[in-house]
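Residue numbers (the numbering used here): 6 to 92.
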Amino acid sequence: MLQGMMEDVEVESIDYQIIIDKETFYQTEATINMVMGMDIMDQSITIDQDTHMTLSEFNEIDPIEIPQEVLDNATEMSEDELMGGGF
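Rendered as structure tokens:
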């Protein structure tokens with residue numbers, strides 16, 4: 006269902022700005038302004054989305070340790086299960 010909905014989305018405009026640190030060449034910020042339109046159940050919907058991201062603390066994350074019990078009991082998931090059962 007979600008995949009079918011995404012096919013009906015029309016991106017009307019998108020403005021993407023990326024800020025990169027001159028010394029490290031790391032991306033430190035991004036601003037995204039996007040307007041999308043779609044028809045759902047005979048209704049036209051316009052979504053105006055503004056996003057601002059700040060990225061920091063590069064390579065400063067402590068190691069993530071997965072408990073052995075979790076590793077021992079892990080099972081693989083299909084793509085449908087991962088996406089919530091095929092929305």
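We put the CB at the ideal spot given by N, CA and C, even for glycine.
In this text, all values refer to a predicted model and were calculated from it rather than measured experimentally.
Excluding five sequence neighbours on each side, which residues of the same chain lie with their C-beta closer than 6 Å to the C-beta of D77? none
Between which two residues does the alpha helix (DSSP H) harbouring D77 extend? 73-78
Between M39 and I19, which are expected to be in contact by the criterion C-beta below 8 Å, what is the C-beta distance as a whole number of angstroms? 5 Å
Apart from the five residues on each side of it in sequence, which residues of its chain come closer than 8 Å, Cβ to Cβ, to T33? Setting aside the 5 residues that flank it on each side, T33 is surrounded in the same chain by I24, I25, D26, T59, L60, S61, each with a C-beta closer than 8 Å to its C-beta; the list follows chain order.
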